[in-house]
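Participant:
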Amino acid sequence: MVASESFDDIVVGAGTAGAVVAARLSEDGSRRVALVEAGPHYATREQTPADLLNGNAMSLARHGWGLSARLTADRRTALPQGKVTGGSSAIGNTVMIRATPADLDEWAALGNPAWSWDESLPRLRALEDDLDFGADPHHGTGGPIPVRRWRPEELTTVQRLFLDGCLEAGHPYAADHNHPLSTGVGPIPSNRRDARERVSTAMAYLWPAVDRPHLTVVPDALVDRVLIEDGAVRGVRILEGDTERVLTARRVVLAAGAIGSPAVLLRSGVGPAGHLAELGVPVRADLPGVGGGLVDQPRIGVFLAPRPGAADERASTGQIVLRTTAPAAAAGTGTERFNDMYYAMVNHFNLAHHFPRLRADAGTDGVFGIMAVVRRPHSRGRVTLTSADPRTAPHVDLGYLTDPRDHDLFAEAVRTCWQLANSAGIGAQAERVVALDEKAVHDEERLREYVGTTVDTAFNPAGTLRMGPADDPDAVVDQFGAVRGVTGLHVADASVMPSMVCANTALTTVLIGERIAEALREG
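Residue 104 is where the sequence shown starts when you use this note's numbering, and the numbers rise one by one after that.
(1) So what's A64 in DSSP terms, helix, strand or just coil?
(2) Buried or exposed for Q150, please, with buried defined as at least 16 other CB atoms from any protein chain shown within 10 angstroms of its CB.
(3) With a Cβ-Cβ cutoff of 9 angstroms, do T567 and L357 count as a contact?
(4) Between D345, A160, V302 and C605, which lies nearest to L325 when the distance is taken from Cα to Cα?
(5) From N159, E140, R148 and A153, pick the residue whose C-alpha is nearest to that of R417; which is it?
(6) Can you tell which of D232, G273, P311 and D389 has the C-alpha that lies nearest to the C-alpha of V580?
(7) Given that a residue counts as buried once 16 or more other Cβ atoms are within 10 Å of its Cβ, and exposed if not, what is P275?
(8) Taking the CB atoms as reference points, tell me whether N563 and T608 lie closer together than 9 angstroms.
(9) Mapping the DSSP letters down to three states, classify R553 as helix, strand or coil.
(10) Rounding to the nearest angstrom, what Cα-Cα distance links D596 and V124 in this structure?
(11) Would you identify the three-state DSSP class for G190, choosing helix, strand or coil?
(12) Does the beta-carbon of A55 have 16 or more other beta-carbons within 10 angstroms, so that it is buried, or is it exposed?
(13) Is DSSP giving V599 helix, strand or coil here?
(14) By Cβ distance, which residues of its chain are closer than 6 angstroms to G484, with the 5 residues on each side in sequence left out?
(15) Who are R232's beta bridge partners in DSSP?
(16) My understanding is that R295 touches R251, with C-beta atoms under 8 angstroms, so please give their C-beta distance in whole angstroms.
(17) My output table needs one value for L342: the three-state DSSP class, helix, strand or coil.
(18) Do three or more CB pairs link the stretch 218-227 to the stretch 196-208 at distances below 8 angstroms?
(19) Find the nearest neighbour of R587 within the set N453, G167, P391 and L128, judged by alpha-carbon distance.
(20) Would a C-beta distance cut-off of 9 angstroms place R301 and T147 closer than the cut-off?
(21) Determine the DSSP secondary structure at I362, reduced to helix, strand or coil.
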């Protein structure tokens with residue numbers, strides 16, 4: 104039960120950013136903070152299920168929303184998002200790679216100067232406890248998020264072969280993928296303190312705050328909508344099973360993620376007036392950008408049916424990654440973007456959950472292989488509602504392949520995966536390649552078909568409530584997350600990203616939580 108229903112701040116969503124925001128706001132002992140989470144809250148290590156502690160596992164079924172998304176015109180896919188304190192940082196694959204300086208400087212150039220690389224680097228240093236390079240000037244120690252890289256003796260056989268193959272192909276060795284100038288192949292930085300255990304933002308930020316009497320965590324509570332009167336926030340309406348309650352506050356921070364936050368705003372009457380009218384929701388603020396601009400990072404690859412013992416299902420999904428830059432012709436922009444392509448050797452994939460279209464051809468659920476993630480796709484999607492009922496999942500259209508330039512990017516990715524898969528003895532670990540051969544790789548039409556039937560999501564949606572200046576008609580929030588037209592309403596999660604970063608979104612989302620919490624404390 105909640106001891107009090109009146110607060111200074113209510114944070115909606117205890118995920119990768121929300122846990123950060125609530126913990127930081129509650130450092131002020133005079134501030135009463137409620138953190139509302141749709142999933143469970145495990146306040147200590149002893150309470151936490153083993154699969155959430157295990158960084159080599161992804162707890163998609165027990166602690167996920169069960170969302171699906173329209174992938175292309177004729178395909179749908181699962182879209183796992185965490186439903187537990189810590190959010191996707193509690194269930195994901197523990198990749199903590201920073202955005203590049205070019206990424207963050209682009210945010211600044213889009214009218215958000217507080218997010219430039221020079222402004223962000225001190226905050227990136229402060230949030231991390233880098234166990235390998237903490238003494239370097241661009242890193243930090245003592246922060247909440249541990250960052251650790253895989254040791255040579257911890258690598259599986261296929262990871263060592265992949266590393267050797269990339270080096271033989273001429274790619275430089277990258278000991279630290281979080282160095283601002285780093286490119287090439289090397290160990291993945293992970294939010295772990297050892298080779299086994301995941302450290303989510305719930306563990307890093309909420310566990311130390313467990314005894315703060317002015318921080319109230321409200322688990323297993325679904326936020327119906329934000330209550331808005333006369334252009335200002337009054338609180339939120341929550342559902343706990345069949346029970347409805349109202350929590351009041353002078354400020355509400357949405358941190359429900361790139362899918363959840365726009366859904367809450369739409370139910371609250373904040374969004375495109377036409378769509379709100381379709382839903383029968385009174386308009387509180389007509390903001391056309393709500394739910395639009397959805398950008399996700401697609402993945403594709405070359406996968407192999409393993410010889411017995413080649414795929415270690417107990418190991419982490421990935422340990423070594425190659426970060427490189429797509430040729431300008433493939434990028435479709437006329438210019439190159441530093442580190443916009445990501446190639447990882449995958450120790451094991453269960454095709455029941457990943458790349459399901461390959462399952463029939465593979466003849467097995469378990470495969471390994473080289474996966475590419477396209478960091479900067481051109482296609483965009485949208486989040487909308489089919490009902491104002493919070494128990495009805497939002498409609499997510501990822502919009503893959505709606506921009507024809509993405510076909511060239513994905514084809515470039517598959518060709519590179521193929522080259523690497525045929526190097527350094529990787530093929531000797533496999534019985535055969537799944538659904539692909541040499542002829543298909545060099546046949547434009549067959550490769551296009553492979554892309555269309557195989558491309559899937561890397562689970563990094565962003566940009567559905569983008570930040571921007573007042574003269575940006577598609578911006579929903581300012582650079583500190585304040586929602587246009589509604590006093591006291593803020594957003595702090597991946598939805599505010601004005602453009603996609605050349606990295607997994609997890610670490611940048613932690614940065615967003617830190618930076619917006621800092622602004623809220625000062626405001």
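Glycine included, C-beta positions come from ideal geometry on N, C-alpha and C. Quick caveat, the model's predicted, so the values are computed rather than measured.
Facilitator: Quick look at the numbers:
(1) Nothing about residue 64 can be read from this structure; the chain reaches only from 104 to 626.
(2) exposed
(3) no
(4) D345
(5) N159
(6) D389
(7) exposed
(8) yes
(9) Here the sequence assigns Tyr to residue 553, which means Arg is not the residue at that position. In the structure shown, Y553 sits in a helix (DSSP, three-state: H, G or I).
(10) 10 angstroms
(11) helix
(12) Outside the shown range of the chain, which is 104 to 626, sits residue 55, and nothing can be said about it.
(13) helix
(14) L397, D500, L501 and G502
(15) According to the sequence displayed, residue 232 carries Asp and not Arg. P249, per the DSSP bridge assignment.
(16) 5 angstroms
(17) strand
(18) yes
(19) P391
(20) no
(21) helix
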